[in-house]
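Read the structure below first, then the notes.
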Amino acid sequence: MDLHTKALNKTPPETEEVIWQQAAERVDSLLRAYRVYSLERRAALLLQVLNKARQTHIPGITHPVELSVSILMAGLKYQLSKALNETDFSKARLELWIADAVQEIPELVAKGIIRSGKSPASKIATGPELEVTAMLPRPLELGNFAQLAEQTFRSLDRRPIVRSLLTYITALLAAFSLFWFTR
Amino acid sequence: MHSSFSHQRIEKVVSNRRTKFFATFIIFYTVLVWSKADILWHLQMKPLEWIQLGLFAVLIFPLCIGFLTSLFGFILEIRGGDCFTITRLGNLPQVLNPEYLQSKTAIIMPVFNEDASIVFERIRVIYLSLERKGFLKNFDFFVLSDSNDPKCWLTEEIAWMELCRQLQAFGKIFYRKRRLPINKKSGNVADFCRRWGKRYDFMITLDADSLLEADAIVKLTVLMEKNPQVGIIQTAPTLVRGQSLFSRISQFVVSFYGRIFCSGLNYWQMANGMYWGHNAILRLAPFINHCHLPNLPGSVPFGGRILSHDFVEAALMQRAGYQVWLAYDIPGSYEEGPPTWIDFIKRDRRWCAGNLQHFWLLLSRELNSINRLHLLLGVLSYLTSPLWLCYIVVSFLQYLENLRGGNVATQSLIYRTFGQIGQELAPVVLFVVVISLLIIPRFLAWLANGLRVGWRIFGGSVRSLISVFLELLLSSLAAPVHMVMNSKFVVFTALGKSVSWLSQKRHCGQGSTWREAWDFHRSQFFLGFLILMMLYYHSGEFLPILVPMVLGLLLSVPLSVFSSRREVGDLFRKLGLFLTPEETRPSNLLLQFEKNVHMLESRKSNHDGSDNLDQITNAFIDPYLNAVHVVLLRRRGQRPQKINEHIQQLCQKLIVHGVESLQGRELTAVLQDAQAMEWLHHKIWSCPADQLHPSLRKALQKYNLLDPQPQSPLCR
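In the order they appear, the protein sequences are chains A and B. The first sequence runs contiguously to residue 988 in the numbering used here. The second sequence runs contiguously to residue 722 in the numbering used here.
Now the structure itself:
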């Protein structure tokens, strides 16, 4: 019985077909993540990527999943950099999203969906151009009492035992006063 | 500059006004303290009597100032308003055209772990209202984030991107997240000033719960343009969107009593006003040059970094020779209050530490006397709580002493409590006068509102009067709890316990639970019970005097729960009680904002709530969310190999053991690294399934199950 259950739970052996199936699933997921909703376009792109992956040998990359995803990402990067004149892949992806032009990869420029260099993504920044100024603390004359207090605080910070003793003495005095008045 | 606003004229008016106000104050205050002293002097002045007199003199000081401020404000309001406000003196044109504005203003909103969707909805309505009026070209918006919760941070980024996309507002609305939240809110604003302050003439500061009408923004900007001697103009924000009974009462108090108080405040402070940290406009050049906060003597919590920065910034601005005005007559400035009593008290904990720290500045020779008075009143607003407690204890001890001396039995109850001078009525009269200082301003406000704008917008004359009585009753019950809690906070501060920086709760939700209220208020309940037992067994005659206090402490738990409930707030609204003009006649901006928030909330309730859980994983996986995050991060140059290796190890750990395996700081380190974020995005997608942590595998599979919409808090 145990043997039978084990056999059922066993994952299928990682044959080449299974691994390529995983690669296809992953590429499909990635295309979906890019919001390529058209099944036809996704299928066409998937086929292109897998065919290219089967023929390509990239040093250090052997697993079909890694190979296929790398090819898809490199292709997207190339297409976007060509279409948007943007070498930063992250910025290019963002531009794609802002322009709502995902469905049109890779004919973005050809169809006039994104005009190179005129996209709002070029304005994406944490702020306008920096104009740095020095904002330095202005000293405030707090008087002799504050200076004395500062010195006292500093010396108390250096002497934790004295500080604790003072706290206890104050508490004892308060307790004694309370006792004295309520006795 | 207009002749009516010349320095000489202002100085003359200020001098006259302050003479009148403070002369009245001195007479009033002296009479009260003298009366108390007289009552005590009729008996032998023993140490307890001296202590009582000293405490009375301190405690009565802010009460007198508050009462006279309301009284002067009342007189001004019934006489048609103050002629010497910044809006009347400052050459404000009747019609505001876009051509008037020549300046460039930054509208900044510092945020810390807030609900991003609500924050950006606020920006949306303000942006659109300015756009409709045609003034948009003069304003840029900045959301300045110090959020240390990664989920909040990532949500803010997406919300910002989505808002810019929807409004086509790239280059007009900016979002900046600091890597290290140094010096908290004041540091956040200072960081903005250092980076972009030079590009703008003025800066309008908003809190994460603020709203400003376009008209108010434009009026503030025009006033700043036309009056170069003005450094800060503070509006008087009214509380809005209260749902629980507590927040509805709070907004009624601000709306109903606030007007005469602000009017009175402006009467004596005029160009030496206060800055409350938000809903105000500041002149950037002097702010940058003169208002960066110095450190105080000693270390936190007594000294060190200034926690409560706004009052000090106003004082520094005035030291630099600029005026600070309270423009309480500019409508359309709103904020939200804490939704529950517990949240209110928690906020007080932070404010208490900040205000007590201002003690040092009272000693400064460089601040003017009005600034010092503001700071002193701030200190006293918390310090008076333990002093009131001491006063009650001293009174009780005095009573016991008299009881022991045998001179009590022949005297009346109130007499025994408040003085020892035979059969005269002086103690009773003094007691009534002191209580009146708290009660009379409420009725003056009722009268002034009726005469000024009519009671209808507050629910009618009778209903508004009932609201005043109810508010009086509830605030009397709440006062002892505030006294006990503030005393505790003062002691904690004195013992050196520092305050943690937490984001404020903005929505009442289901309100406080019984468990939460019990955990929070049980110490007050037990204290009330203890006092009750003590008085009952040992000195029952003292009990009636302390009934309001004991009752407030004993009822703190149910009061806290019921006042936090939305249903109770709604019930009072239906009864026409605690109504405010913002509820009876809301502006278009408020209506639009409410509509948008309602839409967001209904969307949230329809959602399965998985957004938040997946938000961090999405930042690694989703191509667009990852891109938004990476683009907003600053690229680092060369850095030590050790750091690179450490980040690499963290990334590997994340892939193999999942996001949960990283500690908070480790996760933040990864999220703050653009290269690591890009690498992780590529690596997670290209990693074979058996090498990925199940949570990441599941996140990738999600795209196979459904076609997800971009995860955005502002999706519409």
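Think of the CB as a built atom: it goes at the ideal place given N, C-alpha and C, for glycine as much as any other residue. A quick note: this is a predicted structure, and the numbers were derived from the prediction, not measured.
Asked, Found
"Quick one: which unbroken alpha helix (DSSP H) runs of 4-plus residues sit fully inside the stretch 660 to 703 of chain B? Chain order, please.", "670 to 677 and 680 to 692"
"So, at 6 Å on beta carbons, what are the nonlocal neighbours of Ala214 (chain B) in its own chain, with the 5 sequence-adjacent residues on each side left out?", "Val117, Glu120 and Val125"
"What does Asp628 (chain B) reach in chain A if we use C-beta pairs closer than 8 Å?", "Ala838"
"If Leu61 (chain B) and Cys396 (chain B) are in contact, beta carbons under 8 Å, what's the gap, nearest whole angstrom?", "6 Å"
"Under a CB-based cut-off of 8 Å, is Val414 (chain B) close to chain A?", "With a pLDDT of 47 at Val414 (chain B), under the threshold of 50, the modelled position of this residue cannot be trusted, and the question is left open."
"In or out: Thr161 (chain B) buried (at least 16 other Cβ within 10 Å) or exposed?", "buried"
"Taking the Cβ atom as the reference point for each residue, do Asn455 (chain B) and Arg130 (chain B) lie within a distance shorter than 8 Å?", "no"
"Can you list the residues of chain A that Ala695 (chain B) reaches, using a CB-CB cut of under 7 Å?", "Gln827"
"Would Ala879 (chain A) count as contacting chain B if we go by Cβ distances under 8 Å?", "no"
"Quick one: grab the DSSP three-state call for Arg247 (chain B).", "coil"
"If I'm right that Ser216 (chain B) touches Pro243 (chain B) with Cβ under 8 Å, what's the distance once you round it to whole angstroms?", "7 Å"
"Classify Asp528 (chain B) as buried or exposed, calling it buried when 16 or more other Cβ atoms lie within 10 Å of its own Cβ.", "At residue 528 (chain B) the sequence reads Arg, which differs from the Asp that was named. Under this definition Arg528 (chain B) is an exposed residue."
"Excluding the five sequence neighbours on either side, which residues of its own chain have a C-beta within less than 6 Å of the C-beta of Ile66 (chain B), listed in chain order?", "Leu38"
"With a threshold of 16 other CB atoms inside 10 Å of the CB of Thr241 (chain B), please say whether the residue is buried or exposed.", "buried"
"For Arg859 (chain A), would you say it is in contact with chain B, using Cβ-to-Cβ distances shorter than 8 Å as the test?", "no"
"Report the residues of the stretch 929 to 944 of chain A with a CB closer than 9 Å to any CB of chain B, ordered along the chain.", "Ile929, Ala930, Thr931, Gly932, Pro933, Glu934, Leu935, Glu936, Val937, Thr938, Ala939, Met940, Leu941, Pro942, Arg943 and Pro944"
"For the stretch 946 to 963 of chain A, which residues have a CB atom closer than 8 Å to at least one CB atom of chain B, in sequence order?", "Glu946, Leu947, Gly948, Phe950, Ala951, Gln952, Ala954, Glu955, Phe958, Arg959 and Asp962"
"The alpha helix (DSSP H) that contains Ile92 (chain B), what's its start and end?", "Ile92 to Leu95"
"Should His699 (chain B) be flagged as near chain A, meaning a C-beta pair shorter than 8 Å?", "no"
"For Thr416 (chain B), which residues of its own chain have a beta-carbon under 6 Å away from its beta-carbon, when the five flanking residues on both sides are left out?", "The pLDDT assigned to Thr416 (chain B) is 42, lower than 50, so where the model puts this residue is not dependable, and the model offers no usable value."
"Going by beta-carbon coordinates alone, are Ile746 (chain B) and Pro433 (chain B) separated by less than 8 Å?", "Absent from the structure is residue 746 (chain B), since the part of chain B shown begins at 7 and ends at 722."
"Taking all protein chains shown into account, decide if Asn710 (chain B) is buried (16 or more other Cβ within 10 angstroms of its Cβ) or exposed.", "exposed"
"Determine contact between the stretch 96 to 103 of chain B and the stretch 277 to 284 of chain B, defined as no fewer than three beta-carbon pairs at a distance below 8 Å.", "no"
"Is any beta-carbon of chain B found at less than 8 Å from that of Ser834 (chain A)?", "yes"
"For Trp56 (chain B), name the three-state secondary structure that DSSP assigns.", "helix"
"Do the stretch 197 to 216 of chain B and the stretch 156 to 173 of chain B touch if we need at least three Cβ pairs shorter than 8 Å?", "no"
"Tell me, please, whether the CB atom of Arg847 (chain A) is closer than 8 Å to any CB atom in chain B?", "no"
"Write down the C-beta distance between Ala858 (chain A) and Ala828 (chain A) rounded to the nearest angstrom, noting that I regard them as a contact closer than 8 Å.", "7 Å"
"Looking at C-beta atoms only, is the number of pairs between the stretch 268 to 282 of chain B and the stretch 353 to 368 of chain B that lie closer than 8 Å three or more?", "no"
"So what's Ala915 (chain A) in DSSP terms, helix, strand or just coil?", "Residue placement at Ala915 (chain A) is flagged as unreliable, the pLDDT there being 49, under the threshold of 50; the coordinate-derived value follows with that caveat. In the structure shown, Ala915 (chain A) sits in coil (DSSP, three-state: anything other than H, G, I, E or B)."
"Give me, in chain order, the residues of the same chain whose beta-carbon lies closer than 7 Å to that of Phe198 (chain B); leave out the 5 immediate sequence neighbours on both sides.", "Ile114, Phe148 and Leu150"
"Identify the residues that DSSP records as bridge partners of His287 (chain B): which are they?", "The question names His, but residue 287 (chain B) in the sequence shown is Ile. Per DSSP, B:Ile210 and B:Ile239."
"Measure how close the beta-carbons of Gly248 (chain B) and Gly575 (chain B) come, nearest whole angstrom, since I'm counting them as under 8 Å.", "7 Å"
"Can you name the residues of chain B whose CB is closer than 8 Å to the CB of Leu978 (chain A)?", "Within chain B, no residue comes near Leu978 (chain A); the closest Cβ sits about 14 Å away, beyond 8 Å."
"What is the C-beta distance between Trp347 (chain B) and Met489 (chain B), in whole angstroms, given that I count them as a contact (C-beta under 8 Å)?", "Going by Cβ atoms, the distance from Trp347 (chain B) to Met489 (chain B) rounds to 14 Å, so no, they are not a contact pair."
"Give every residue of the same chain whose Cβ lies closer than 8 Å to the Cβ of Ala43 (chain B), excluding the five residues on either side of it in the sequence, and list them in chain order.", "Leu59"
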